[in-house]
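Comments concern the structure below.
There are 2 protein chains.
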Amino acid sequence: MAEKELKFKLDKKPIKLRQFWSRLWSLIVPSRQQIIYVLVLVVAYEIFKFVGPYLLKRIIDLITSFKPEYINDILIFIALILVFDLVVALIDYFADKAIFKILTEVEKYLSVNAQTKMVRLGLSYHERENTGNKIFKIQRGIDKIIDLLGNSFWEVGPTIVQVILTALIMFFVDWRFGLIFALFVPLFAWLTAKLNLEIAPLRKYRHDQYEAAAGKMAQTIININTVKSFVQEDREIKEFGKIKQATKQVALGVA
Amino acid sequence: MAEKELKFKLDKKPIKLRQFWSRLWSLIVPSRQQIIYVLVLVVAYEIFKFVGPYLLKRIIDLITSFKPEYINDILIFIALILVFDLVVALIDYFADKAIFKILTEVEKYLSVNAQTKMVRLGLSYHERENTGNKIFKIQRGIDKIIDLLGNSFWEVGPTIVQVILTALIMFFVDWRFGLIFALFVPLFAWLTAKLNLEIAPLRKYRHDQYEAAAGKMAQTIININTVKSFVQEDREIKEFGKIKQATKQVALGVA
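Here the protein sequences line up with chains A and B, keeping their order.
Those letters in the first sequence? Residues 55 to 309, by the working numbering.
Those letters in the second sequence? Residues 55 to 309, by the working numbering.
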C-alpha cells in the first residue's frame with residue numbers, strides 16, 4: 055500500500071491520553087477504593103522484597119569478617135529473612151485476591167452499565183447509529199479495560215514502583231548510578247510516548263475496521279434468510295474479505 | 055453461592071487438551087511454515103543469547119590470570135561479544151516481524167473462514183442454533199487464538215527453550231544442579247496441569263455465560279423497538295444483570 059494512501063486514510067487525531075485516563079477513572083468509580091488498596095499492597099510488596107537481599111548482604115558482611123560473637127546476629131538475620139519472605143508471600147496472596155475481585159466486579163458493572171445505557175437511549179438514536187454494531191465495540195472495549203487493569207496491577211504498577219525504588223536506593227549507594235538512571239528513564243519514557251503517538255492512528259483505524267467487520271458479519275448472519283433468498287452468499291463473503299484485507303494491510307504497515 | 059450448587063452447575067467435562075491442539079493446528083494450516091520458521095528463530099535467539107555471557111566468563115578468566123600475550127585474545131572476545139549482541143538483536147527483529155505477520159494473517163483468514171462457513175451453512179441450522187449469538191463467540195474465539203499465538207511466540211516458547219537449554223548447561227557444569235532442575239520442572243508442570251484441570255470447568259462455565267450475556271445484549275438492542283413498545287427496559291436490564299451476577303460469583307469462587 056502506497057505511503058500516501060495510508061496517510062490519507064489515517065488522518066485521525068490520536069486519543070488524548072489525559073482525557074482517556076480521567077474517563078476511565080470515572081468509569082470505575084465503584085472500584086476506586088479497592089484499587090487504592092491494591093496499589094498500597096503493591097508498594098508494600100516491592101518495598102518488602104528489598105529487605106531479604108539487604109539482610110543477606112549484612113549476613114555476608116558478618117561472615118567475611120567473622121568473629122564468634124557474630125553468630126547470634128547471623129542467626130537472627132536468617133530468621134528475619136524467612137519472616138520477610140513469608141510477609142512478601144502473604145502480601146502477594148492478598149494483592150492477587152483483591153485484583154481478581156476488582157477485575158470480576160469491573161467486568162460485571164461495566165457490562166451492566168453499558169446495557170442499561172443502551173436500553174435507556176431513545177429509539178431515534180438506535181435507528182440513527184445502528185447500535186447493533188456497537189455491541190461488539192462494547193464487548194471488546196470491556197475486555198480491553200479488564201486487560202488494561204490486569205496489566206496495570208500485575209506488570210506496569212510493580213515495574214514502576216520497582217524502578218522508583220531502585221533509583222532511590224542507587225542514589226543512596228552512589229549518586230552516579232542514580233544519575234545514569236535519572237537520565238535514561240525519561241529518555242525511554244519519551245521514546246515510548248513518541249512511538250505511541252505515531253502508532254495510535256493506525257491502531258485506531260485497525261480497531262474501527264474490526265468493528266466494521268464484526269458488524270458486517272452480524273448483519274449477514276442476522277439477515278441470513280434474505281442473503282440466501284437472493285443468493286448473495288459470495289458477495290457477503292467478498293465484502294467481508296475486503297474489510298479484513300484492509301485491516302491486515304494497515305496492521306502489517308506498522309509491523 | 056453454596057459449594058454444592060456450584061458443583062452441580064459445573065458438571066462439564068474439561069476440554070481434551072490433545073484434541074484442542076490438533077484442532078488449532080489444523081485451523082492455522084496456512085501459517086504452519088511461518089510458525090516453524092519463527093520457532094527456529096526463537097531457538098537460535100535463545101542459543102545465541104548464551105554466547106555473550108560465556109565469552110564474558112572467558113574474558114574474566116583471562117584477566118584474573120593475566121599475561122601480556124592474552125591481550126589479543128581479550129580484544130577478540132570483546133569484538134565477538136559485540137558481534138553476537140548484534141546477531142541476537144537481528145534475530146529478535148526478524149522474529150518479531152515474522153510473528154506480527156503470522157498474527158495479522160491468522161486474524162484475517164480465521165475471520166474470513168468463519169464468515170464463509172457461517173454463510174454456507176443451511177438455513178435450518180441458522181434457525182435451530184440462533185447463530186446470531188455465535189458471532190460473539192467467533193469474535194472472542196479469534197481474539198483468544200491471536201492472544202494464545204502471541205503468548206506462545208513471545209513468552210511460553212522462549213521460556214521453554216530457555217529452561218531446556220539451562221538444564222542442559224547445568225548438567226554439563228555440575229550434574230547435581232541438573233538433577234535439581236530435572237526434579238522440579240516436572241513437578242511444576244504437573245501442578246500446573248492439575249490446577250488447570252480443576253479450574254477448566256469453571257472457566258468454561260464463565261465463558262458460556264459471557265456468550266449468553268453478549269447474546270442477551272444483542273437481542274435486546276436489535277429488538278429495541280419491541281422492548282421499548284412494551285416498556286420492557288427494566289426487565290431486560292434485570293435479566294442481563296442476573297447473567298452477569300452468576301458470572302461474577304463463579305469467577306470469584308475461583309479467585
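Even for Gly, the Cβ is constructed at its ideal location relative to N, Cα and C.
Would you kindly work out how many angstroms separate the C-alpha atoms of residue i and residue j, rounded to a whole number?
i         : j         : result
Ala-221/B : Lys-191/A : 46 Å
Leu-245/A : Leu-177/B : 53 Å
Asp-139/A : Ile-113/B : 36 Å
Ser-283/B : Glu-181/B : 25 Å
Ala-98/A  : Thr-213/A : 13 Å
Ile-223/B : His-261/A : 45 Å
Pro-47/A  : Val-210/A : Examination of residue 47/A is not possible in this model, given that chain A is present from 55 through 309 alone.
Ile-130/B : Tyr-124/B : 10 Å
Phe-102/B : Ile-218/B : 14 Å
Gly-232/A : Phe-238/A : 10 Å
Phe-104/B : Leu-134/B : 13 Å
Ile-128/A : Leu-203/A : 42 Å
Asn-205/B : Ile-234/B : 27 Å
Gln-88/B  : Arg-86/A  : 45 Å
Leu-136/B : Val-142/B : 10 Å
Val-173/B : Val-96/A  : 49 Å
Asp-115/B : Lys-121/B : 11 Å
Ile-185/A : Ile-276/A : What sits at residue 185/A in the sequence shown is Thr, not Ile. The alpha-carbon atoms of Thr-185/A and Ile-276/A are separated by roughly 14 Å.
Met-55/A  : Gly-269/B : Because Met-55/A sits at a pLDDT of 40, beneath the cut-off of 50, its placement in the model cannot be relied upon, and the point is left open.
Arg-257/A : Ile-196/B : 18 Å
Pro-84/B  : Leu-71/A  : 38 Å
Glu-290/B : Val-166/B : 33 Å
Ala-309/B : Ala-300/B : Note that Ala-309/B scores 41 on pLDDT, short of 50, meaning its location in the model is unreliable and no value can be drawn from it.
Ala-149/B : Phe-294/B : 44 Å
Ser-80/A  : Ala-168/A : 14 Å
Leu-164/B : Met-271/B : 25 Å
Thr-250/B : Ile-82/B  : Correcting the residue identity first, residue 250/B is Asn in this sequence and not Thr. Each residue's Cα considered, the two are about 24 Å apart.
Ala-243/A : Gln-303/A : 29 Å
Tyr-147/A : Val-281/B : 45 Å
Lys-44/B  : Ile-90/A  : Since the displayed chain B opens at 55 and closes at 309, residue 44/B lies outside it and no answer follows.
Arg-230/A : Asn-187/A : 56 Å
Trp-208/B : Val-285/B : 51 Å
Gln-73/A  : Ala-236/B : 52 Å
Lys-296/A : Phe-226/A : 59 Å
Val-160/A : Ala-247/A : 27 Å
Closest by CA to residue i, which one among the options?
i         : options                                    : result
Lys-298/A : Thr-170/B, Asn-187/B, Asn-277/B, Glu-287/B : Thr-170/B
Arg-194/B : Ala-266/B, Tyr-99/B, Lys-111/B, Glu-100/B  : Ala-266/B
Ile-200/B : Thr-158/B, Val-141/B, Arg-77/B             : Thr-158/B
Ala-254/A : Thr-274/A, Ala-243/A, Arg-86/A, Ala-305/A  : Ala-305/A
Asp-288/A : Val-281/B, Leu-251/B, Phe-226/B, Leu-175/B : Leu-175/B
Leu-93/B  : Gln-216/B, Tyr-259/B, Leu-249/B, Glu-252/B : Gln-216/B
Glu-252/B : Tyr-91/B, Asn-187/B, Phe-226/B, Gly-307/B  : Gly-307/B
Thr-274/B : Gln-273/A, Leu-78/A, Ile-189/A             : Ile-189/A
Glu-100/A : Thr-280/A, Asn-126/A, Ile-145/A            : Ile-145/A
Pro-107/B : Val-285/B, Leu-78/B, Ile-132/B, Gln-286/B  : Ile-132/B
Leu-19/A  : Lys-198/A, Lys-296/A, Phe-226/A            : Here chain A has residues from 55 to 309 only, and residue 19/A is not among them.
Glu-183/A : Ser-76/B, Ile-278/B, Phe-74/B              : Ile-278/B
Please confirm whether any heavy atom of the ligand ADP lies closer than 8 Å to the CB of residue i.
i         : result
Gly-176/A : As presented, the structure is devoid of all ligands, the ligand ADP included, so that no description of it is given.
Length-filtered (4 minimum) alpha helix (DSSP H) runs lying within the region 106-167 of chain B: With a minimum length of 4 residues, no continuous alpha helix (DSSP H) run stays inside the region 106-167 of chain B.
Listed from N- to C-terminal order along the chain, which residues in the region 157-179 of chain B have their beta-carbon within a distance smaller than 9 Å of any beta-carbon of chain A? Result list: Leu-157, Thr-158, Glu-159, Glu-161, Lys-162, Tyr-163, Ser-165, Val-166, Ala-168, Gln-169, Thr-170, Met-172, Val-173, Arg-174, Leu-175, Gly-176, Leu-177.
Check whether the region 101-112 of chain B touches the region 150-160 of chain B, counting contact only when three or more Cβ pairs, one atom from each stretch, lie closer than 8 Å. Touching, no, given that fewer than three Cβ pairs across the two stretches are closer than 8 Å.
In chain order, what residues of the region 260-278 of chain B put their CB closer than 7 Å to some CB of chain A? For the region 260-278 of chain B, which is checked against every Cβ of chain A, the residues closer than 7 Å are Ala-267, Ala-268, Met-271, Ala-272, Thr-274, Ile-275, Ile-276, Ile-278.
Taking Cβ-Cβ distances below 9 Å as the criterion, which residues of the region 180-194 of chain B are in contact with chain A? Per Cβ criterion, the list reads His-180, Glu-181, Thr-185, Gly-186, Lys-188, Ile-189, Phe-190, Ile-192, Gln-193, Arg-194.
Interface positions of the region 282-302 of chain A facing chain B (Cβ-Cβ less than 8 Å), listed along the chain: Shown in chain order are the members of the region 282-302 of chain A whose Cβ falls below 8 Å from a Cβ of chain B: Lys-282, Glu-287, Glu-290, Ile-291, Phe-294, Gly-295, Lys-298, Gln-299, Thr-301, Lys-302.
For the region 105-125 of chain B, which residues have a beta carbon sitting closer than 7 Å to at least one beta carbon of chain A? Against chain A - using a Cβ distance shorter than 7 Å - the region 105-125 of chain B contributes no residues.
Please list the residues of the region 192-222 of chain B that have a C-beta atom closer than 7 Å to any C-beta atom in chain A, keeping them in chain order. With the criterion set as a beta carbon lying under 7 Å from some beta carbon of chain A, the members of the region 192-222 of chain B are Gln-193, in sequence order.
Closer than 7 Å, Cβ to Cβ, to anything on chain A: give me those residues from the region 136-158 of chain B, in chain order. Within the region 136-158 of chain B, the residues whose Cβ lies closer than 7 Å to some Cβ of chain A are Lys-151, Phe-154, Lys-155, Thr-158, listed in chain order.
Inside the region 278-308 of chain A only - alpha helix (DSSP H) runs reaching at least 4 residues: Counting whole runs of 4 or more residues, the region 278-308 of chain A contains the alpha helix (DSSP H) stretches 278-283, 287-308.
Within 9 Å of chain B by C-beta, residues of the region 236-259 of chain A in sequence order: The residues in question: there are none.
Ignoring anything shorter than 4 residues or poking outside the region 171-220 of chain B, list the alpha helix (DSSP H) runs there in chain order. The qualifying runs are 177-183, 188-205.
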